[in-house]
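Position 291 of the sequence shown, counting from 1, maps to 309 under this note's numbering, and the rest follow consecutively. Glycine included, each C-beta is placed from N, C-alpha and C at the ideal position.
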Amino acid sequence: MRKSFAVFPLLVACMLTGKQVSAQEKEGVHEMSKDYQAPKDPLVIRKLSQWQDQRFGLFMHWGTYTLWGEVESWSICPVDWVVRKGPYSEDYNTYRSAYEHLQYDFNPVQFNPEKWEKAANAAGMRYVVFTTKHHDGFCMFDTKETDYKITSPNTPFSKNPRSNVTKEIFDAFRKDSFMIGAYFSKPDWHSQDFWWKYYPPKDEHVNYDIKKFPERWKRFNDYTYNQIQELMTGYGPIDILWLDGGWVRPDGKQSLDMPRIVDMARSHQPGLIVVDRTVPGEYENYTTPEQSIPDKPLPYPWETCMTMGYSWSYSPRDEYKPSRQLVSLLVKIVSRGGNFLLNIGPSEKGDWAPDAYKRLEDMGKWMAINGEGIHSSRPVAPYSDKNVYFTQSKDQHTIYAYYLSETDDVTLPAEVSFAVTDVKKINKIALLGSNAKLQWTLKDGQVTIKIPKNVQAQSGLKYSAAFKISV
19 MRKSFAVFPL LVACMLTGKQ VSAQEKEGVH EMSKDYQAPK DPLVIRKLSQ WQDQRFGLFM
79 HWGTYTLWGE VESWSICPVD WVVRKGPYSE DYNTYRSAYE HLQYDFNPVQ FNPEKWEKAA
139 NAAGMRYVVF TTKHHDGFCM FDTKETDYKI TSPNTPFSKN PRSNVTKEIF DAFRKDSFMI
199 GAYFSKPDWH SQDFWWKYYP PKDEHVNYDI KKFPERWKRF NDYTYNQIQE LMTGYGPIDI
259 LWLDGGWVRP DGKQSLDMPR IVDMARSHQP GLIVVDRTVP GEYENYTTPE QSIPDKPLPY
319 PWETCMTMGY SWSYSPRDEY KPSRQLVSLL VKIVSRGGNF LLNIGPSEKG DWAPDAYKRL
379 EDMGKWMAIN GEGIHSSRPV APYSDKNVYF TQSKDQHTIY AYYLSETDDV TLPAEVSFAV
439 TDVKKINKIA LLGSNAKLQW TLKDGQVTIK IPKNVQAQSG LKYSAAFKIS V
């Protein structure tokens, strides 16, 4: 993940891809891959369909960087858009040394993954993706490949019986049938075989000539393979391997042996969804538009990953999106056939901010009424009409029309009208969360619903009104 240190919302909370740097990437937000290659493995195809049914997931970025309340990893990368802060910021080497010594103070004693799972589950989330290792190389799992990890004796939290936080998180969420996703960074800026101390790093890329030192790059390939193998063999059933750091890619001359890695991973986890994000081909099983929503449905699986606030990692200065905006984002994403992966960063103490819990509570109350048109839904033309967004059941017998409100409390007009496609007959229309009896007409592809007076101003609904249309 990539974001600027300056406190400007439009520059904060962004990832970097492995594409050639475009104007958009220079501003901190990348475009998703343009080409998609559908998987051929029947087990992968089946799991992708299962993943699409979930529709709403939890993303979590967590590491030692939370001790400073700053950006994850990127502050140690010597690129010109990074703005470092604090007492060590004037000298890069001093800053990087202090950053890596955060390990010696990391002790998130409030860590309670069951509390997170309960809140996420109540909000209607159905899968989780957790940063097992970000670009800085600090491992949030008990790897045997390095001591730069949360379970190292150098880390105070290693004495905690729940120190292997990746395993604890996966186990806690899996108990309630969440699909499990392991985020893993392909670059590792702590590894001597990626950023060799013989040379100073210049940017996010490997800092030596791979052709001159092929044995060093082979060691890094093996290191990556071994760590992913650890995750695939010691952490229970894994559904998604979410690979970040797309600049490590064949056309960037920093090629990892992806066939070897994926064959190994799927030998342990059959049907594993692999997301080698921004690297089009057979190992990007779904695409990942970041901090944005495609303006139209896409003919392949995709997922918007987005922060609840401005930042991927925890920041005490962060401001979280209003609940109505989060609901609106969810509806728009699902109406276009995507999944919504919403990020919350735990603090250095091991918990979320109170506002994060409140947003999930609000979304959960909304989902309790409206979630049937979200989970296991599919897109349906015309996808949207003004402020109305459509989904449909997989059997295509039910259409859900979400009327998005401009205020938290829904006030409905006397008539709600919208276009539909290829609907010849309507058997029934109901307003979810209401016992109101509705009258409607269907004429020339236009549905008009008459709203009873007692429902118009006092619907009792929040953020949207969902009309369930049986066809």
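Distance cutoff 8 Å, beta carbons only. Does S115 sit that close to anything in chain D? Absent from the structure: chain D. Only one protein chain is present.
Q) With a CB to CB cut of under 8 Å and the five nearest residues on each side skipped, what residues in its chain are close to K167? A) Counting only Cβ-Cβ distances below 8 Å, and skipping sequence neighbours, we find F156, C157, M158, F159, D160, T161 and T173.
Here's a check: name, in chain order, each residue in its chain whose Cβ is nearer than 6 Å to the Cβ of V224, leaving out the five neighbours to either side. Result list for V224: F212 and Q272, in chain order.
Check: Would the stretch 348-365 and the stretch 99-107 be scored as touching if the rule is three or more Cβ pairs under 8 Å?
Finding: Inter-segment contact for the stretch 348-365 and the stretch 99-107 is absent: fewer than three beta-carbon pairs are separated by less than 8 Å.
Return yes when the Cβ of N303 is within less than 8 Å of the Cβ of L120, no when it is not.
-> Result no, Cβ atoms of L120 and N303 do not sit closer than 8 Å.
message = Tell me the rounded alpha-carbon separation between D194 and N130.
response = In this structure, the CA atom of D194 is about 15 Å from the CA atom of N130.
Q. Leaving out five residues before and five after Y420 in sequence, what residues of the same chain have Cβ atoms less than 6 Å from its Cβ?
A. Correct list, in chain order: V349, Y407, S482 and A484.
- Task: Note down the Cα distance separating P364 from S93, rounded to an integer number of angstroms.
- Result: For P364 and S93, the distance between alpha carbons rounds to 19 Å.
- prompt: Based on Cα-Cα distance, which residue from S452, D240 and R64 lies nearest to G289?
  reply: Looking only at S452, D240 and R64, the smallest Cα-Cα distance to G289 is reached by R64.
Notebook entry, point to check: What residues match up with D294 in a beta bridge as DSSP calls it?
Noted result: Beta-bridge pairing links D294 to L261.
- prompt: Secondary structure at I168, three-state DSSP: helix, strand or coil?
  reply: I168 falls in the coil class under three-state DSSP.
- Among Y338, G382 and I351, which has the Cα closest to the Cα of N361? Looking at Y338, G382 and I351, the one whose alpha-carbon comes closest to that of N361 is Y338.
**Report entry** Helix, strand or coil at L422 [DSSP, three-state]
**Finding:** If DSSP states are grouped into helix, strand and coil, L422 belongs with the strands.
Okay, do the stretch 82-97 and the stretch 326-337 touch, 3+ Cβ pairs below 8 Å being the bar? Yes, the stretch 82-97 is in contact with the stretch 326-337.
Task: C-alpha distance - Y253 paired with T306, whole-angstrom precision - done: A direct Cα-to-Cα measurement between Y253 and T306 gives close to 24 Å.
| said: Residues in the same chain with beta-carbon distance under 6 Å from P400, minus the five sequence neighbours each way, listed in chain order, please. | reply: The answer, listed in chain order, is A437 and T439.
How far does the alpha helix (DSSP H) with G382 in it reach, from first residue to last? P372 to N388 is the span of the alpha helix (DSSP H), which, as asked, contains G382.
Check: From which residue to which residue does the beta strand (DSSP E) around A200 run?
Finding: Boundaries of the beta strand (DSSP E) harbouring A200: M197 to S203, taken from the DSSP string.
* To do: Inspect the beta-carbon positions of Y243 and I291 and report whether they are closer than 8 Å.
  => No, they are not a contact pair.
Three-pair Cβ contact test at 8 Å for the stretch 51-58 versus the stretch 146-153
With a cut-off of 8 Å, the stretch 146-153 and the stretch 51-58 do not count as touching, because too few Cβ pairs lie within range.
Check: Taking just the CA atoms, how far does V183 sit from F1?
Finding: Residue 1 cannot be examined here, being either before or after the span of the chain that is shown, 19 to 489.
**Q.** Proximal residues to A138 (C-beta, below 6 Å), its chain only, five neighbours per side dropped
**A.** Answer for A138: L76, listed in chain order.
Quiz prompt | Of the listed residues L344, V352 and H79, nearest to D262 (C-alpha basis) | solution = Just measuring C-alpha positions, the residue of L344, V352 and H79 sitting nearest D262 is H79.
Handout entry: Span separating the alpha-carbon of S435 from that of Y113
Key = Distance between the alpha carbons of S435 and Y113 is about 59 Å.
Quiz item: Secondary structure at T184, three-state DSSP: helix, strand or coil?
Solution: Reduced to three states, the DSSP call for T184 is helix.
At what residues does the beta strand (DSSP E) containing V406 begin and finish?
Here the beta strand (DSSP E) through V406 covers V406 to S411.
Per the DSSP calculation, K446 is bridged to which residue(s)? Its beta-bridge partners are S488.
Margin query: Tell me the rounded alpha-carbon separation between W99 and D53.
Written below: Looking at the two C-alpha atoms, the distance is approximately 29 Å.
| request: Indicate the three-state DSSP secondary structure (helix, strand or coil) for S91 in the structure shown. | output: It is coil, neither helix nor strand.
> According to the Cβ coordinates, are V489 and V428 closer than 8 Å?
Replying inline: By the CB criterion at 8 Å, V489 and V428 fall outside the cutoff.
Checklist line | Within 8 Å, strictly: CB atoms of P126 and R192 | finding: P126 places its beta carbon 8 Å or farther from that of R192.
Review point. Hey, how far is the Cα of R284 from the Cα of Q70?
Key: Here the alpha carbon of R284 sits roughly 20 Å from the alpha carbon of Q70.
Return the CA-CA distance between A386 and E379, expressed in angstroms with no decimal places.
-> Each residue's alpha carbon lies about 11 Å from the other.
Distance between beta carbons of W384 and D486, contact taken as under 8 Å: The question names Asp, yet the displayed sequence has Lys at residue 486. Not really, about 15 Å apart at Cβ, beyond 8 Å.
Burial state of Q410, where buried means 16 or more other Cβ atoms lie within 10 Å:
With 16 or more Cβ atoms within 10 Å of its Cβ, Q410 is classed as buried.
Secondary structure of L316, DSSP reduced to three states:
Secondary structure of L316 (DSSP, three-state): coil.
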